[in-house]
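Structure first, then comments.
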Amino acid sequence: MSALPDAVQRYLQREAIAPAPTAVLSFDGDWQLLGRSGELAAFGIADAEDELLQRRFKELCIGQSRLGGTRLSQLDLGGGHNADVHLVAEQNQVHVVLIDVRSGVERERDWQQNAQDAKLRSYEQGKQLRELRQQRISLEQARDGANAKAAELTACNQLYDQRLRGALADVERATTALLELPTEHGGRARCAELLKQAVGRVDKIRAALNRAVSRINEHSGGGSSQMAMDELSAELYASVAAQVEARGVGLSLRLQQRSAEPLRVIAGAASETFHYGLWVTLLRSRSEVEGILRWDGQFAQLQLLSDADDFDLRQAELLWEQRIPAIDDEPLAYALFGLGRCAHRYRGRVLEQRDSQGRHRLLISLAGRQDEPSGEITSPGFRGPVGIISDDHDYAEEWIAQLGARGIGLSHYAADSKVLSELYEDAPPALLFDLQSAPEGRSMAYKLRARGYPGQLIALGDEDSPLSGSMAATWSAALPRDCSSRQLLRTLAGRSGA
Amino acid sequence: MADVVRKVCMLGDFGVGKTSLVARYIANTFSDKYLTTVGVKTDTKLVQLAERRVKMVLWDIAGKDSLDTLKLTYVRGSTGLVMVADGTRAPTVLSAMQLLRHAREEIGEVAAVLLVNKFDLFEQWEVAPSQLAELRERMPVFETSALSGESVEEAFTALAERLP
């Protein structure tokens, strides 16, 4: 071990640096190594070539003052060597003084590691606590929502019950009145039979409603109520269809299977119209029919299809146009009459079509919602185009067909981060991410949003996670993977402010 | 064109992955064992750009949420800064921005990039994408993963291109 330069020894004394293995590399103004001294082996540089030391320490001292007083603490020199580096100036040279701090670094590392581990644990615990709080809030909100829904459904149930009780009372009064009519006024026996049938059907409807609403109340959840409504709709629809078909008329409600609400409304309205068509028109003011339809006036499209001989399209049109009164006892006539009056009042329209088998078809729509429930009517507001990110070719093709039928263009992109720039450049107003076939869509969506993509990002999947936690900020909405095009377009239109 | 040597400092809160990013970039390696950095460790990397080669001297500085006097000594002479944050800990983005401000007060408006690391743990990320979109207007931002290597090379190259 060679002696340290005098200037360095004076520096160490002046700075009161504790004794420790020390080495010195002395350089000239151009970082040429002039000499090395001290315990070089303690720093793993005893055998290092001059050129290596020159290059390394020159790079290490970039930006540091050569005038002295510079100290770089706890420098990791590699090979398990740690040093405090001091620059000591002396005339035209600078001494790079290395002081071994290995033991101090090890102690500090242990302390620092423990402290940082504790901080990380604390952070994680805090995070979990926040998540638990958020979950509690969500549960409370869900509970409040379910209670409100239950109260609403209970009120709805009571309303149905009142209406049906009233209807039953009317039927009973009407039956009594009819039975008291002289036979020459015609059809006493037939009227009695029809009214008996009507009473039976009203009972069935009421029973179906009660079952459905009680099930909804039991569950008090969105999914359950949807299911109950679907079942209710199916029952009502079956009831209507059976009655109409018995008269040689096919009834087709052109609706998406998942659209419980419009199906329920249309089925309910049509059912009541058909059930009460005869006696309501005969014995009640026509405003009752309108009332029923106005109450249920949200429906958009009802299709009546018939190849029956007695189906007179001309007569139907006249009824629809209110040019002839509904004096026949054919329920279809009264249904058309009632629907027509209601449709006129609400600026509805009727379209007549003839299908390939020569059957007549009347499409009746009400202006209020004529753009909503049917799968064949274009959704308003959102005009696309749309991009879909999916690794399921068939699934993407299905969406292309569905949206194409509504005049909305859809481009298919593979789930590859390489398409990010393409997506960002194209910037369609909305992008759909099929998270089932392409789970990496999550990170792609995040990156797009983090690059300022302004459009809608829709997660298509069967789990809730896309909208949970911080990822909620990425997605505009999450929908089930098998959602209908109507549901999708309604979401897109709603979020685009259309 | 001749090589230029440029000092670049890695700055960020503890545990954000600065050392892992350097290991991935320099040696294409990764260790999932967290070993805290004490003091500073330097490495070099020669970057071939379109018109020149840049030798980056990377200073991997122990993680802190602020720069004390000693750490300011480390950053002197830097012409570039790699700011690192941990996407699973939102506050580390703020720390990185504070460190950037401190560093620039000391060494001026040097080039900088922000690496939001641990993108492999994307599902646990806390950083809102809108926050990154805002930061992107001020500096290049990369979602990186030292574990998978995602965007690491790209981020360092982007900084190299911005070095004087």
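The listed protein sequences derive, respectively, from chains S and W. Per our numbering, residue 714 is the first one in the first sequence, and the count goes up by one each step. Per our numbering, residue 291 is the first one in the second sequence, and the count goes up by one each step. Heads up, the beta-carbon is just placed ideally off N, CA and C, and yes, glycines get one too.
Taking the alpha carbon of residue i as the reference point, which residue from the options has its own alpha carbon closest?
| i | options | result |
| --- | --- | --- |
| W/L362 | W/A423, W/V312, W/I397, W/G370 | W/I397 |
| S/A1158 | S/Q1149, S/D1175, S/L1136 | S/L1136 |
| S/W1188 | W/L437, W/S420, W/E444 | W/S420 |
| W/L390 | W/R379, W/E416, W/D355 | W/D355 |
| S/F1095 | S/C1196, S/A1206, S/I1171, S/A859 | S/A1206 |
| W/W349 | W/Q338, W/M300, W/D358 | W/M300 |
| S/Q767 | S/S739, S/G782, S/G1117, S/T783 | S/S739 |
| S/V1099 | S/W1112, S/Y1108, S/D1107, S/Q871 | S/W1112 |
| W/P454 | W/A352, W/K345, W/F304, W/F409 | W/K345 |
| S/Q825 | W/D293, W/F304, W/K297, W/V298 | W/F304 |
| W/R279 | S/K832, S/S816, S/D789 | Outside the displayed span of chain W (291 to 454) sits residue 279 of chain W, for which this structure offers no information. |
| S/R1141 | S/A755, S/Q838, S/S1197, S/G1097 | The residue you asked about is not Arg; residue 1141 of chain S is Pro in the sequence shown. Closest by alpha carbon: S/G1097. |
| W/E443 | W/V337, W/K331, W/G307, W/G302 | W/V337 |
| S/G742 | S/I730, S/C774, S/Q726 | S/C774 |
| W/V298 | W/R314, W/D322, W/K335, W/E433 | W/K335 |
| W/K308 | W/A393, W/L425, W/T434 | W/T434 |
| S/L1148 | S/D1195, S/R1164, S/T867, S/R843 | S/D1195 |
| W/F409 | W/E424, W/G377, W/E451 | W/G377 |
| W/L371 | W/G353, W/Q414, W/R394, W/L425 | W/R394 |
| S/A1127 | S/I1121, S/G1154, S/G1165 | S/G1154 |
| S/H799 | S/G793, S/V809, S/G792, S/G791 | S/V809 |
| W/G367 | S/K771, S/N795, S/N827, S/G791 | S/K771 |
| S/L1173 | S/S1134, S/Q847, S/S1103 | S/S1103 |
| W/F412 | S/A1163, S/S1197, S/D1175, S/Q1169 | S/A1163 |
From the DSSP output, in three-state form, read off residue i for me.
| i | result |
| --- | --- |
| S/G751 | strand |
| S/A1206 | helix |
| S/N860 | helix |
| S/A973 | Bear in mind that a pLDDT of 37 at S/A973, under 50, signals an unreliable position, so the model cannot answer this. |
| W/E451 | helix |
| W/T334 | strand |
| W/Q388 | helix |
| S/S715 | strand |
| W/F409 | helix |
| W/I351 | strand |
| W/M300 | strand |
| S/S1198 | helix |
| S/T735 | strand |
| S/S1189 | coil |
| W/S276 | Nothing can be reported for residue 276 of chain W: it is not among the residues displayed for chain W, which extend from 291 to 454. |
| W/A436 | coil |
| W/K345 | strand |
| S/Q745 | coil |
| S/V962 | No answer about S/V962 holds up, because its pLDDT of 47 lies below 50 and its placement is not dependable. |
| W/D376 | strand |
| S/L1173 | strand |
| W/F446 | helix |
| S/V1158 | The sequence shown places Ala at residue 1158 of chain S, rather than the Val named in the question. Helix, per DSSP. |
| W/A401 | strand |
| S/E721 | Strictly speaking, residue 721 of chain S in this sequence is Val, with Glu absent from that position. It is helical. |
| W/V431 | strand |
| W/V328 | coil |
| W/V276 | Absent from the structure is residue 276 of chain W, since the part of chain W shown begins at 291 and ends at 454. |
Name the chain B residues that come within less than 7 Å of residue i, Cβ to Cβ?
| i | result |
| --- | --- |
| S/Q826 | This model lacks chain B altogether, as its protein chains are S and W. |
Of the residues that make up the segment 390 to 424 of chain W, which ones have a beta carbon closer than 9 Å to any beta carbon in chain S?
I397, V406, F409, F412, E413, Q414, W415, E416, V417, A418, P419, S420, Q421, L422, A423, E424
Measuring CB atoms only, is the segment 314 to 322 of chain W touching the segment 774 to 782 of chain S, in the sense that at least three cross pairs come out at less than 8 Å?
no
In chain order, which continuous runs of the alpha helix (DSSP H) of length 4 or greater are located wholly inside the segment 756 to 814 of chain S?
763 to 773
May I ask you to list, following chain order, the residues of the segment 370 to 383 of chain W that have a beta carbon less than 7 Å from some beta carbon of chain S?
R379
Could you name each continuous alpha helix (DSSP H) segment of 4 residues or more that falls completely within the segment 1097 to 1156 of chain S, going from the start of the chain to the end?
1106 to 1117, 1133 to 1139
If contact means a Cβ-Cβ distance below 7 Å, which residues of the segment 831 to 855 of chain S contact chain W?
L833, Y836
Tell me which residues of the segment 1153 to 1173 of chain S have at least one Cβ-Cβ distance to chain W shorter than 9 Å, keeping chain order.
R1155, S1156, A1158, Y1159, K1160, L1161, R1162, A1163, R1164, G1165, Y1166
Just by C-beta distance, which residues in the segment 423 to 438 of chain W are closer than 7 Å to chain S?
A423, R426, E433
Which residues, taken in chain order from the segment 297 to 324 of chain W, show a beta carbon closer than 9 Å to some beta carbon of chain S?
K297, F304, G305, Y324
So, do the segment 324 to 343 of chain W and the segment 800 to 811 of chain S have three or more beta carbon pairs nearer to each other than 8 Å?
no
Does the segment 808 to 818 of chain S come close enough to the segment 827 to 845 of chain S to have 3 or more Cβ pairs within less than 8 Å?
no
For the pair the segment 837 to 844 of chain S and the segment 745 to 757 of chain S, tell me if three or more CB-CB distances fall below 8 Å.
no
Selection of the segment 797 to 813 of chain S by Cβ proximity to chain W, strictly under 8 Å:
none
Assess contact between the segment 403 to 416 of chain W and the segment 368 to 383 of chain W, defined as three or more Cβ pairs (one per stretch) separated by less than 8 Å. Is contact present?
yes
Please identify, using Cβ separations under 8 Å, the residues of the segment 329 to 341 of chain W that lie next to chain S, in order along the chain.
G329, V330, K331, T332, T334
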